[in-house]
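Following this line, the structure appears as structure tokens:
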């Protein structure tokens with residue numbers, strides 16, 4: 004008696020296909036279709052459903068490649084219809100727009116007539132691909148087939164033109180023909196995306212119907228503008244119904260401009276929050292130099308049972324880096340690995356940066372060497388880390404490895420290796436890299452690279468060469484360059500050049516208290532006390548005050564901040580007594 008395979012009802016398989024939410028789920032359904040024999044019995048219908056499931060599932064290279072394979076084995080009869088072609092075009096539109104456009108080209112060569120679903124998918128691919136020439140051809144094809152009158156196609160055309168920065172052409176499409184709410188929202192979003200917020204506001208005011216997307220778009224637009232946050236808040240307060248997206252948009256507007264107190268107040272008023280809400284606040288605190296608050300919010304988020312996303316994870320790691328909080332950073336590293344939080348190149352690079360800034364170059368190297376894929380930022384951070392810790396030759400070696408492996412390289416890569424040469428005193432090596440930057444690497448030196456070169460020369464005592472570089476560089480010198488030279492003048496006791504640097508800084512309007520304090524210290528080093536008193540008198544007359552020094556240390560996972568002359572620390576008396584005792588011990592040695 005033969006053993007029968009457990010039957011898989013076709014209705015059950017179809018239900019599973021329609022409910023696919025991931026690429027792996029779709030692949031499992033494909034396997035069941037093959038083993039059950041249903042695919043052979045009805046190849047065209049089931050292959051189309053499988054393609055649709057793969058396109059609807061979460062995007063991944065494996066899903067896209069599998070869909071290509073399914074399409075390649077599609078029956079000839081099925082491939083004469085637009086449906087499978089549309090599905091492949093839509094699947095590849097965002098992640099691989101050129102492959103999407105290739106399928107459309109093959110579709111036209113196969114004489115398959117496009118339908119109302121074809122052009123929206125193709126135009127999305129055109130908007131994601133560099134260059135707009137293909138999109139103009141597609142527009143012409145839509146006109147030739149008469150599908151440009153279709154509302155979905157018209158909305159896709161509006162979005163396409165706005166995405167490539169041609170809002171005028173997008174407006175022409177918008178002004179001629181039937182419009183729905185999507186048309187209005189697409190045009191408003193297009194203006195905002197092109198920085199034309201005033202035109203977006205005019206169109207927004209004309210809208211008879213608005214939804215949450217309409218309001219959120221305008222709030223985002225004003226939130227990105229310098230000085231536009233208050234207008235964004237006015238719109239937010241006018242909203243009849245606020246959804247979570249609009250709350251997040253308004254908080255992001257405050258956070259983007261460093262208005263963290265207002266962002267926090269609004270955050271506390273939210274009727275509900277998601278991980279994006281938390282991430283916006285954490286990222287804002289980190290970007291504007293308030294790492295303690297960022298870590299406080301991260302811990303609150305965890306206590307609320309919210310799993311962090313990439314933005315929150317990177318923000319928390321960056322906060323540890325700013326504070327030099329190694330113990331908290333190591334705990335965070337362990338947490339992210341154990342909880343299987345998105346552990347990609349971005350998060351790993353942030354961890355490398357954190358370990359570098361906390362002085363654990365060994366742990367940074369372990370992560371770097373374990374990464375199968377590295378971004379240009381990963382390489383740059385590791386090169387800077389090696390240089391900062393005095394391993395200049397290793398930094399140059401890694402830079403050379405970057406070249407050998409043809410890894411992506413940018414302006415910051417050169418800046419990283421030049422900075423490493425500066426820290427290690429490798430003058431000739433740094434000069435060599437700078438001078439072959441344009442010729443061999445195809446990167447034009449910018450003012451930041453000249454700044455690194457001047458710092459390299461100045462620290463090595465070649466201050467006259469540094470001055471000559473500033474005065475002969477092809478762009479206007481910035482205050483940072485003269486400030487770097489001024490710092491070198493103190494190290495190498497060059498009073499006249501220091502005075503010249505201060506004159507240049509004054510002419511650029513950058514003669515702040517720090518500049519005069521440094522000049523005063525140079526005079527003091529040379530015993531020029533009359534000039535010291537003259538500078539201090541000048542600072543007093545101008546109302547200048549020396550910037551207050553701060554330092555931060557981590558003890559048993561707690562962050563302690565000290566301010567020069569401050570008395571706010573709860574254990575200040577014990578600390579000062581210990582310092583006094585240590586001073587006496589040091590004096591007696």
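Residue numbers (this note's numbering): 4 to 592. Cβ coordinates follow ideal geometry from the N, Cα and C atoms, glycine included.
According to the DSSP assignment, residue 526 belongs to the alpha helix (DSSP H) that extends over 516-528. The DSSP assignment places 498-510 as complete runs of the alpha helix (DSSP H) inside the stretch 486-520, in order along the chain (cut-off: 4 residues). Here DSSP, grouped into helix, strand and coil, assigns residue 471 to helix. Below 8 Å, too few C-beta pairs join the stretch 430-440 and the stretch 467-482 to call them touching: fewer than three. By the neighbour-count criterion, in which a residue is buried when 16 or more other Cβ atoms sit within 10 angstroms of its Cβ, residue 376 is exposed. In the DSSP assignment, residue 418 falls within the alpha helix (DSSP H) that extends over 414-427. A straight line joining the alpha-carbon of residue 111 with that of residue 140 spans about 13 Å. Note that the C-beta distance between residue 312 and residue 345 is below 8 Å.
With a 10 Å radius around the Cβ and a threshold of 16 neighbouring Cβ atoms, residue 158 comes out buried. Going by beta carbons, residue 138 and residue 167 fall inside the 8 Å limit. At the C-beta level, residue 351 and residue 374 come within 8 Å of one another.
Contact between the stretch 221-232 and the stretch 196-212 is present: three or more C-beta pairs spanning the two stretches fall below 8 Å. 8 Å or more divides the Cβ of residue 379 from the Cβ of residue 349. Assigned with DSSP and collapsed to three states, residue 189 falls in helix. Taken atom to atom, the span from the alpha-carbon of residue 425 to that of residue 455 is near 8 Å. By the criterion of a C-beta distance shorter than 7 Å, residue 314 is surrounded in its chain by 282 and 286, once the five residues flanking it on both sides are discounted.
Nearest neighbour of residue 413 by Cα position, chosen from 383, 388 and 430, turns out to be 383. Residue 498 is positioned such that its CB atom lies no closer than 8 Å to that of residue 538. Boundaries of the alpha helix (DSSP H) harbouring residue 357: 348-360, taken from the DSSP string. Annotation for residue 185: 158 place their beta carbon closer than 7 Å to its own, counting only its chain and skipping 5 residues before and after. Minimum Cα-Cα distance from residue 115 among the listed residues 85, 581 and 290 corresponds to 85. Note on geometry: alpha-carbon atoms of residue 580 and residue 472 lie some 50 Å from one another. In the DSSP assignment, residue 392 falls outside any alpha helix (DSSP H) and carries neither an H nor an E. The C-beta of residue 207 has 16 or more other C-beta atoms within 10 Å across all chains shown, which makes the residue buried. Note on geometry: alpha-carbon atoms of residue 405 and residue 399 lie some 10 Å from one another. Boundaries of the alpha helix (DSSP H) harbouring residue 282: 278-290, taken from the DSSP string. Residue 432 sits buried, since 16 or more C-beta atoms from the chains shown fall within 10 Å of its C-beta. If the five residues before and after residue 360 are omitted, its C-beta is found closer than 6 Å to the C-beta atoms of 324, all from its own chain and listed in chain order.
Annotated three-state conformation of residue 156 is helix, per DSSP. Between the C-alpha atoms of residue 409 and residue 427 there is a straight-line separation of about 25 Å. In the three-state scheme derived from DSSP, where H, G and I count as helix and E and B as strand, residue 408 is classed as coil. Here residue 126 really is in contact with residue 163; their C-beta atoms are around 4 Å apart, less than 8 Å. Residue environment analysis places residue 97 among the exposed positions, since fewer than 16 neighbouring C-beta atoms fall within 10 angstroms of its C-beta. The Cβ-Cβ distance between residue 418 and residue 395 does not fall below 8 Å. For the pair residue 444 and residue 452, the Cα-to-Cα distance works out to about 14 Å.
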